[in-house]
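Okay, so here's the structure we're looking at.
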Amino acid sequence: MRQQIAAANWKMNLTLQQGEQLLNEIIAKPHSLSAHQSAVFAVPFPYLPMAQAKLAGKTNVFVAAQNCSNKKSGAYTGEVSVEILQSVGIQYVVLGHSERREYFLESNQFLAEKLDICLASGMKPIFCCGEPLEIREAGTQNEFVAKQLAESLYHLSAEQLQQVVIAYEPIWAIGTGKTASSAQAQEIHAFIRAALAAKYGAAVADTISILYGGSVKAANAVELFSQPDVDGGLVGGASLIADEFVAIINALK
Ligand code: 13P
Numbered sequence: 001m002r003q004q005i006a007a008a009n010w011k012m013n014l015t016l017q018q019g020e021q022l023l024n025e026i027i028a029k030p031h032s033l034s035a036h037q038s039a040v041f042a043v044p045f046p047y048l049p050m051a052q053a054k055l056a057g058k059t060n061v062f063v064a065a066q067n068c069s070n071k072k073s074g075a076y077t078g079e080v081s082v083e084i085l086q087s088v089g090i091q092y093v094v095l096g097h098s099e100r101r102e103y104f105l106e107s108n109q110f111l112a113e114k115l116d117i118c119l120a121s122g123m124k125p126i127f128c129c130g131e132p133l134e135i136r137e138a139g140t141q142n143e144f145v146a147k148q149l150a151e152s153l154y155h156l157s158a159e160q161l162q163q164v165v166i167a168y169e170p171i172w173a174i175g176t177g178k179t180a181s182s183a184q185a186q187e188i189h190a191f192i193r194a195a196l197a198a199k200y201g202a203a204v205a206d207t208i209s210i211l212y213g214g215s216v217k218a219a220n221a222v223e224l225f226s227q228p229d230v231d232g233g234l235v236g237g238a239s240l241i242a243d244e245f246v247a248i249i250n251a252l253k
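Here the working numbering is used: position 170 in the sequence shown is 170, and no number is missing along the way.
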């Protein structure tokens with residue numbers, strides 16, 4: 001079975017102390033991860049070592065950065081490179097979140113550069129895609145997402161692509177409480193997998209984990225994750241509440 005992943009995206013929330021407390025609470029609650037399941041915590045940069053230390057030794061639990069630079073190293077004040085992240089033990093990074101695309105003007109081409117640096121160094125990207133409301137209302141979400149995939153991913157080899165986790169996050173569902181229905185999620189996840197299959201072959205496409213993000217919570221996770229092409233979730237608000245996120249982990253197939 002493809003890897004099923006519950007990924008927490010804390011975004012720019014919580015103090016260090018609150019983050020520690022949240023991880024303590026999550027660790028203390030009963031949850032189990034089988035070999036094909038993982039939990040990932042994307043925390044603010046300064047909390048990466050704290051989270052690494054708290055989660056050390058836990059099987060199939062990983063800490064992720066929420067972003068990285070498109071440059072390898074050098075005079076880029078305020079940026080954080082893949083090498084810096086790896087030097088503190090980080091193996092995953094979220095790339096191309098819609099908030100970075102919207103507020104920091106990250107383009108598909110710019111994200112392709114970040115993907116290249118990650119993959120050249122063995123860093124696993126969680127690559128986000130997804131359409132805004134007006135695109136969904138116009139019914140052109142498949143074309144919109146296909147362009148994001150083509151411009152950021154399709155220069156990669158099949159071996160490189162297989163290191164990438166994809167997160168489909170419709171912007172209209174992020175932080176709005178308005179979740180895509182499980183049928184809507186399945187439809188576009190199947191479209192993404194078919195698009196990858198057309199480019200890389202079905203055997204490769206079948207191995208790629210495609211997460212759904214956008215108002216995932218304990219109450220809808222089981223139904224969303226039960227869809228055949230939904231391989232878990234990238235979770236914002238509900239990942240800040242221990243009971244909610246543990247239930248989401250336990251909802252993985
Ligand atoms: P919410 O779960 O708060 O809607 O956020 C989703 C998201 O953006 C995760 O990256």
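Using N, Cα and C, we set each Cβ at its ideal position, and we do this for glycine too.
On a predicted model such as this, the values are computed, not experimentally measured, just so you know.
Between residue i and residue j, how many whole angstroms is the CB-CB distance? I'm expecting something under 8 angstroms.
i       : j       : result
Leu-224 : Ile-5   : With a Cβ gap of about 13 angstroms, Leu-224 and Ile-5 do not count as contacting.
Leu-234 : Ala-7   : 5 angstroms
Asn-60  : Gln-37  : 6 angstroms
Ile-208 : Leu-161 : 7 angstroms
Cys-128 : Val-80  : Incorrect: roughly 18 angstroms between the Cβ atoms, too far for contact.
Gly-256 : Ala-158 : Look at the range of the chain in this structure, 1 to 253, and you will see that residue 256 is not part of it.
Note down the Cα distance separating residue i from residue j, rounded to an integer number of angstroms.
i       : j       : result
Gly-175 : Glu-169 : 11 angstroms
Phe-45  : Asn-70  : 16 angstroms
Phe-245 : Glu-106 : 28 angstroms
Leu-14  : Phe-41  : 13 angstroms
Asp-206 : Ala-242 : 32 angstroms
Arg-136 : Val-82  : 34 angstroms
Asp-229 : Gly-139 : 20 angstroms
Arg-101 : Ala-197 : 26 angstroms
Gln-184 : Ala-146 : 16 angstroms
Gly-232 : Lys-114 : 24 angstroms
Leu-133 : Asn-24  : 37 angstroms
Glu-99  : Tyr-47  : 20 angstroms
Leu-252 : Gln-186 : 15 angstroms
Gln-21  : Lys-54  : 10 angstroms
Gly-130 : Ser-73  : 30 angstroms
Leu-33  : Ser-152 : 31 angstroms
Ala-247 : Gly-201 : 34 angstroms
Ile-192 : Cys-68  : 24 angstroms
Starting from residue i and walking both ways along the alpha helix (DSSP H), at which residues does that stretch end?
i       : result
Ser-121 : 108-121
Ser-226 : Here Ser-226 belongs to no alpha helix (DSSP H), and DSSP marks it neither H nor E.
Asp-243 : 242-250
Ser-152 : 141-153
Lys-199 : 182-200
Leu-133 : 133-138
Tyr-103 : 98-103
Give the single residue among the options whose Cα lies nearest to the Cα of residue i.
i       : options                            : result
Gln-66  : Leu-16, Gln-52, Lys-11, Glu-187    : Lys-11
His-189 : Ile-171, Ala-173, Tyr-154, Ala-167 : Ala-167
Ile-249 : Ile-27, His-97, Leu-153            : Ile-27
Gly-177 : Leu-55, Val-216, Glu-151, Asn-142  : Val-216
Leu-85  : Ile-171, Gln-52, Ala-203, Ala-75   : Gln-52
Asn-108 : Ala-120, Phe-144, Val-88           : Phe-144
Gly-122 : Gly-89, Ala-150, Gly-96, Phe-104   : Gly-89
Ala-112 : Gly-96, Asn-220, Tyr-103, Lys-124  : Gly-96
Ala-35  : Ala-219, Gly-19, Lys-58            : Lys-58
Ser-87  : Pro-49, Gly-78, Thr-77             : Pro-49
Asn-9   : Gln-17, Thr-77, Ile-126, Leu-119   : Ile-126
Identify whether residue i lies in helix, strand or coil by the three-state DSSP scheme.
i       : result
Gly-177 : coil
Gln-4   : strand
Val-88  : coil
Ala-167 : strand
Asn-60  : coil
Phe-45  : helix
Ala-65  : strand
Ile-126 : strand
Asn-13  : coil
Leu-256 : Here the chain has residues from 1 to 253 only, and residue 256 is not among them.
Val-93  : strand
Val-216 : coil
Lys-71  : coil
Is residue i a contact residue of the ligand GDP, with contact defined as CB to any heavy atom under 7 angstroms?
i      : result
His-97 : As presented, the structure is devoid of the ligand GDP, carrying the ligand 13P as its sole ligands.
Starting from residue i, trace the beta strand (DSSP E) both ways and give me its first and last residue.
i       : result
Ser-38  : 37-42
Val-235 : 232-235
Tyr-212 : 210-213
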